[in-house]
Structure formats: C-alpha cells, structure tokens
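Number of protein chains: 2
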Amino acid sequence: MASGLADPQIGGQAASGSHSSAERFDLIHTILRDRICLLDYPPGTVLGETALATEFGVSRTPIRRVLHKLEFMGLVQIRNGIGTIVTDIDLKTFKETYALRMRLAELMGDLSPVDIQADHLARIDGLQDRVRRLRTKTDHEEFARITNDLQKLLSDLTGNGPLRETIELLYFRVARIWFSLLPQLGWEEMVEGQIAELNELRAAMEQNDIQCVGHARSRHLRTMLTRIGNFLAEP
Amino acid sequence: MASGLADPQIGGQAASGSHSSAERFDLIHTILRDRICLLDYPPGTVLGETALATEFGVSRTPIRRVLHKLEFMGLVQIRNGIGTIVTDIDLKTFKETYALRMRLAELMGDLSPVDIQADHLARIDGLQDRVRRLRTKTDHEEFARITNDLQKLLSDLTGNGPLRETIELLYFRVARIWFSLLPQLGWEEMVEGQIAELNELRAAMEQNDIQCVGHARSRHLRTMLTRIGNFLAEP
DNA sequence: GTAATTCAACCTGTACACAGCTTGTCCATA
DNA sequence: TATGGACAAGCTGTGTACAGGTTGAATTAC
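Note that the protein sequences, when read in sequence, are chains G and Z.
Here the first sequence stands for residues 1 to 235, numbered as in our numbering.
Here the second sequence stands for residues 1001 to 1235, numbered as in our numbering.
#1: Find out if the Cβ-Cβ distance for the pair Z/Arg1173, Z/Met1073 is shorter than 9 Å.
#2: In terms of residues, what are the limits of the beta strand (DSSP E) holding G/Ile78?
#3: Mind pulling the chain G residues with CB within less than 8 Å of Z/Phe1072?
#4: Taking the CB atoms as reference points, tell me whether G/Asn160 and G/Leu107 lie closer together than 9 Å.
#5: Among the residues of its own chain, which have a CB less than 7 Å from the CB of G/Leu169, if the five just before and after it don't count?
#6: Which residues in chain G sit within 7 Å of Z/Arg1112, going by Cβ to Cβ distance?
#7: I need the straight-line Cα distance from Z/Ser1218 to Z/Leu1100, nearest angstrom please.
#8: Which two residues bound the contiguous alpha helix (DSSP H) that contains G/Ile195?
#9: Determine, using beta-carbon pairs with one atom in the segment 119 to 135 of chain G and one in the segment 57 to 65 of chain G, whether at least three such pairs fall under 8 Å.
#10: Z/Thr1084 lies in the alpha helix (DSSP H); which residues open and close that run?
#11: For Z/Leu1091 versus Z/Phe1179, is the C-beta distance shorter than 9 Å?
#12: Could you check whether G/Gln211 and G/Thr109 sit closer than 9 Å to each other, using their CB atoms as the reference points?
#13: Around the Cβ of Z/Gln1117, are there at least 16 other Cβ atoms within 10 angstroms (buried) or fewer (exposed)?
#14: Starting from the beta carbon of G/Gly161, find every residue of chain Z whose beta carbon is closer than 7 Å, and list them in chain order.
#15: Comparing the C-beta of Z/Arg1060 with each C-beta of chain G, is any distance below 9 Å?
#16: Kindly indicate the opening and closing residues of the alpha helix (DSSP H) around Z/Thr1050.
#17: Assign Z/Val1114 to one of three DSSP states: helix, strand, or coil.
#18: Quick one: does Z/Gln1009 have its CB under 9 Å from some CB of chain G?
#19: Would you say Z/Ala1022 faces chain G, with C-beta separation under 9 Å as the test?
#20: Considering Cα atoms alone, identify which of Z/Glu1023, Z/Ser1112, Z/Glu1206 and Z/Glu1189 is closest to Z/Pro1162.
#21: Is there contact here, the segment 81 to 95 of chain G with the segment 1022 to 1038 of chain Z, by at least three beta-carbon pairs under 8 Å?
#22: Judging by CA-CA distance, which residue of G/Leu67, G/Asp115, G/Thr45 and G/His68 is the nearest neighbour of G/Leu153?
#23: Along chain Z, in chain order, which residues have C-beta atoms closer than 8 Å to that of G/Ala99?
#24: As a quick exercise: from G/Ile167, G/Val191 and G/Ala122, pick the residue whose alpha carbon is nearest that of G/Ala144.
#25: Whose C-beta lies closer than 6 Å to the C-beta of Z/Gln1194 among residues of the same chain, with five residues either side of it excluded?
#26: Can you name the start and end residues of the alpha helix (DSSP H) that G/Pro62 belongs to?
#27: Tell me, please, whether the CB atom of G/Ser16 is closer than 9 Å to any CB atom in chain Z?
#28: Going by Cα to Cα distance, which pick from Z/Ile1082, Z/Glu1189 and Z/Ala1204 is closest to Z/Thr1223?
#29: Grab me the residues of Z/Ser1155's own chain with a C-beta within less than 8 Å of its C-beta, minus the 5 sequence neighbours each way, in chain order.
#30: For Z/Gly1044, is the classification buried or exposed, using 16 other Cβ atoms within 10 angstroms of its Cβ as the cut-off for buried?
#31: Going by C-alpha distance, which of G/Lys137, G/Leu52, G/Leu70 and G/Arg79 is nearest G/Cys37?
#32: List the endpoints of the continuous alpha helix (DSSP H) containing G/Ser155.
#33: If we cut at 9 Å on Cβ distances, does Z/Arg1130 have a partner in chain G?
#34: To which residues of the same chain is Z/Ala1105 closer than 6 Å at the C-beta, ignoring the five residues directly before and after it?
#35: Can you tell which of G/Leu181, G/Glu142, G/Val66 and G/Leu47 has the C-alpha that lies nearest to the C-alpha of G/Asn230?
#36: Expressed to the nearest angstrom, what Euclidean distance is found between the alpha-carbon atoms of Z/Arg1227 and Z/His1019?
In structure tokens form, the structure reads like this:
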C-alpha cells in the first residue's frame, strides 16, 4: 500500500487505525524507536518524512513531531535539505555514557528503592528462559529484545522518577551501538555474560536487595564496556 | 507591534530578523525557557500558540516545535483543546530531583574532570560581585540570573558530556520552583547561602579540585532542599 | 580531458486553512 | 430554583501547498 516497503502489517494498519492522537503518536514513536534500536534502521540511514508519512497513513505533520522527539533523545539528527539521519556515536561519547550509566545503576537502590514483588521475579525468570534458549540458536534481534525487556524490568525497580527517566534515555542512546557490534564480540560469550548477569540480578532480587541489584548491573555494564573497548581499540 | 504585549524589543524584532532557521529556533526556545524559569510565565500559565506566533512574527509551526521541545524538557504540558500550560512540580518529584542532582554533582569531578582556567576564576569572581550587591538591594530576577550563570559555569567544568546534559536538564526542571518560593524563604538567608557556596566553589577551583567543587555544590543543594522541605512541610 | 558552473531533483522548514477536542455559557425544563 | 443539555468560542492536531536549502549530475567553457 505504502511505497513497496516491508512490514505493511505494523505500519499502515495499526498506526492509522481508530486511535486517538496521543495514542498514534506514542505508537509511531515506539515503532520507529525500536526500528532504530533493533538496527532495522542502522546508523547513517536517511529516513525521509514523506516516506514515513505514506507508510503510516498520515501526513508529514505528526511524523515530524515523532522525529523531533527522537532527535531530542539523540537517536536521529534532522538536517535541513538532506533528511533525518540515524545517529552514530563516537567512541568518546560512548565511553562517557557507559561511565555515567554505571554510576546511575549504583544509585538505583540508593534513591527511594521499591519492594520486589513476585511479579518481578516471574519476569526475570522469563528472561532467563529466553536467553538460555539462545545458547543453541543464534538470534541477534531476540537478544536485543531481551536486553530491552530487562531494561524495562530494572526501570520498574527504580523508585526515583527522574533517575528512571535518565537511565532509560541513556540506555536507548547506546543500546544499538553495542548491538551492532554483537556479531563480532563472540555470540557465546555475550549469551553467557547475559545469563550471568540475570543470575546475579535474580539472587539479589530474592533478598529484596535493590542496592545489590544496582551493583550487579553496574558490574555488568563495566564488563561490556571493557569488551567493546578492547575490540574497538585494537584494530 | 505584536498584540500590545510588553517586551517588543526582544520578541518581535530579534526573533523575526534575518536569522537562519536553526538560529531562530534556538533564540525563541531560549527566550521562552528563560521566561518560564524567571517566572515571567509562572506555573499554570496558559501560553497559546497563536499569541506567541504573532508576537515573534512567525507562524504557529515553528512555535509548535519550540513548545514540544519545552514539553520534552518537562517545562510545559501541551493539552489538546486547552492550550500549553507551564507545569508545576509536586513535592515528591521535587525531592526526588534534588536527591538525584546531589548525587550527580558529586560525579562531576569523578567522570572526566576538566582543568580550571583563569577564565573560570574570573567568571566566578564576577558572580561573587553580583550576588554581593544583592545584600543591599532585593532583586529576585537578578538572583535567578546569577544561579543560571553559575549553572552554566559548572556545566563548563563538567567534562562528561551526557552527565553535563543531564545536570542541566534537571536544573531547568526545578529552578523556577524554588525561585517561586524565594520571597518566602528569607532573602538575607538565601543571599548569604549563595555567597557561602560561591566562596567554597572558588576555593576548590583555586586548587583545581573539581571533585571538591562537586561536593561543595552537592552540600549546597542539600541545604536548599532542607530549607524548602521545612517550609513546605510545616504549613 | 579537465574543471568550474548551472540546474534539476529531493529534502526539510514554513505558512495557512480546516478538522477535532475541550470548556464555559446560555437556555430550556423539571 | 436547580439541573440538564445544546451551543459557541477557543484551543491544539492535521493536511497541504509553497519556500528555502542541499547535493550531485549534466553541461559548458577552457
């Protein structure tokens, strides 16, 4: 219907259905954000407002709102006369972001911690199952979705609202970068590392120790940064 | 020229002059942000896109871009059919934001600190002069401008980019709130408190000790939160 | 053949007209 | 008098035509 693009079931129908204005905005925003984070739109991709407008069955106006929000989040850069470009991150900014994320993770249990509920344990159990299945089946996108869902779970455990928003924003800014390096970092290592983090997180959650959860998360981020740093520095 | 409003020299002329698109956007954004932070638009004010458009000599479209960015920053809330409302902050969010700001201030010297230059010392000297003048002349807006400029100076001392952006964002979110309480918190106390902070900051900067700068800032934030908390809790 | 230049195609930015939503008012009714 | 609903005024959301900006390719001059 749109312009010969793929994914007609997600875009053209759901977004232009009988939803309210705010719902359509959130829907299109989430779809485009996930496409960027899951590398459907790799860094450097030029998006084009008209193409997106026809795909989602709306005019350029609401698309522009979404793209400006994505620009504010740092996921795209809108350049007059050229288009909307999915951003890449230089190594310096990447390391700075990870350094900050590690510190913010440690603050998670320090500032207004929340109580662990049975629901939270069930969710992390589900994540453990999903990532264990990846030991025998390479699936980069599923791996990225698991880390997305883990981030959502950790957000629900962050009682301090501004801290939660900041952590989420920084996650979305860098998630796609290391995800793009995933194939070159060693699949087995990455899966086992994720399993190890989930085990640590679950053990801390069983004891209702959010502070320990934050420190485990921080350690995991440090490990990831080290691996990526080693990989990017040598060649 | 516009609609009989005040400040014709800032709005109608400068913003619609011979600037490029991005420059006009930044200019209008800064003007409106400062009007909100300096309480020209106190919380609850309804802005109205058409009025702003006529004042700045542009159409609603670029005004909408600015207002949406301000909404992303949390300074306004856009409601369909009603208008764009300057936000207020509930006490819980206010305290959470301050708790986070204290921690982030401590990180300032920890993550990629910068070297203090003579220029930095000169700027803080200027701030000291300006705030000392307020001992004999009550001027709430000048006080707010000084804290704005101090925040800018501290931003320049924050080497970690994402940390700098986060600190700035959180500052703009809460600055106008305690500023609105300024008249009721005791003018002399606030001025002396600001002078004390500047003295501590300057002493730390002379020793090129950014970590000490961050801790002094954090202590000052804690003092402010305590005063405001006491004031808001009792009545 | 090479280099500078013009121009056409495409993009985002802007202006404006109209549709949809919210709210307060006014009026009819019990 | 109290209360319910219809309506009008105002706002933001959307669609669309046009202006401004950028790039690369075709063209012209040397």
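Backbone N, C-alpha and C define an ideal beta-carbon position, used for all residues, glycine too.
As the structure is a prediction and not an experimental result, all values here were calculated from the model.
With the structure as the only source:
#1: Contact: yes.
#2: Segment Val76 to Arg79, the beta strand (DSSP E) holding G/Ile78.
#3: What Z/Phe1072 touches in chain G, judged by beta-carbon distance under 8 Å, is Lys69 and Phe72, going in chain order.
#4: In this structure, G/Leu107 lies closer than 9 Å to G/Asn160 by Cβ.
#5: Residues Met73 of the same chain have their beta carbon placed closer than 7 Å to that of G/Leu169, with the five preceding and five following residues left out of the count.
#6: In the sequence as presented, Arg is not what sits at residue 1112 of chain Z; that position holds Ser. Neighbours of Z/Ser1112 in chain G, taken as residues whose beta carbon is under 7 Å from its own, are Glu96 in chain order.
#7: Using only the alpha carbons, I get a separation of about 10 Å.
#8: Trp187 to Glu206 is the span of the alpha helix (DSSP H), which, as asked, contains G/Ile195.
#9: No: fewer than three Cβ pairs fall under 8 Å.
#10: Looking at the DSSP string, Z/Thr1084 is not in any alpha helix (DSSP H); the run it does join, the beta strand (DSSP E), is Gly1083 to Val1086.
#11: Cβ distance not < 9 Å, so Z/Leu1091 and Z/Phe1179 don't count as in contact.
#12: For the record, residue 109 of chain G in the displayed sequence is Gly; it is not Thr. Their beta carbons are under 9 Å apart, which means G/Gly109 touches G/Gln211 by this criterion.
#13: Z/Gln1117 is classed as exposed because its beta carbon has fewer than 16 other beta carbons within 10 Å across all chains shown.
#14: Correct list: Thr1093 and Glu1096.
#15: No, its Cβ sits nowhere closer than 9 Å to a Cβ of chain G.
#16: Element bounds for Z/Thr1050: Glu1049 to Phe1056.
#17: Looking at Z/Val1114 - three-state DSSP - the assignment turns out to be coil, as it is neither helix nor strand.
#18: In this predicted model, Z/Gln1009 has a pLDDT of only 33, less than 50, meaning its place in the structure is not dependable; the value taken from the coordinates is given anyway. So, not an interface residue.
#19: Yes, its Cβ sits closer than 9 Å to a Cβ of chain G.
#20: Answer by Cα proximity: Z/Ser1112.
#21: Here the segment 81 to 95 of chain G does not lie against the segment 1022 to 1038 of chain Z, with fewer than 3 beta-carbon pairs under 8 Å apart.
#22: Of G/Leu67, G/Asp115, G/Thr45 and G/His68, the residue nearest in Cα terms is G/Asp115.
#23: Under the 8 Å cutoff, chain Z gives Leu1111, Ser1112 and Asn1160.
#24: For the residues G/Ile167, G/Val191 and G/Ala122, the minimum Cα distance to G/Ala144 belongs to G/Val191.
#25: Excluding its 5 nearest sequence neighbours in each direction, Z/Gln1194 has C-beta neighbours in its own chain below 6 Å: Val1131, listed in chain order.
#26: That run of the alpha helix (DSSP H) goes Arg60 to Met73.
#27: Low local confidence applies: a pLDDT of 48 at G/Ser16 is under 50, so the model's placement there is unreliable, with the coordinate-based value given in what follows. Taking Cβ atoms only, chain Z never reaches closer than 9 Å to G/Ser16, which makes this a no.
#28: Minimum Cα distance to Z/Thr1223 is reached at Z/Glu1189.
#29: Cβ within range, chain order: Arg1164, Ile1167 and Glu1168.
#30: Flag for Z/Gly1044 reads exposed.
#31: Answer by Cα proximity: G/Leu70.
#32: Run containing G/Ser155: His140 to Asp156, per the alpha helix (DSSP H) assignment.
#33: Not an interface residue.
#34: Only Gly1214, Arg1217 and Ser1218 meet the Cβ criterion.
#35: Of the residues G/Leu181, G/Glu142, G/Val66 and G/Leu47, the one whose Cα lies closest to the Cα of G/Asn230 is G/Leu181.
#36: Note on geometry: alpha-carbon atoms of Z/Arg1227 and Z/His1019 lie some 44 Å from one another.
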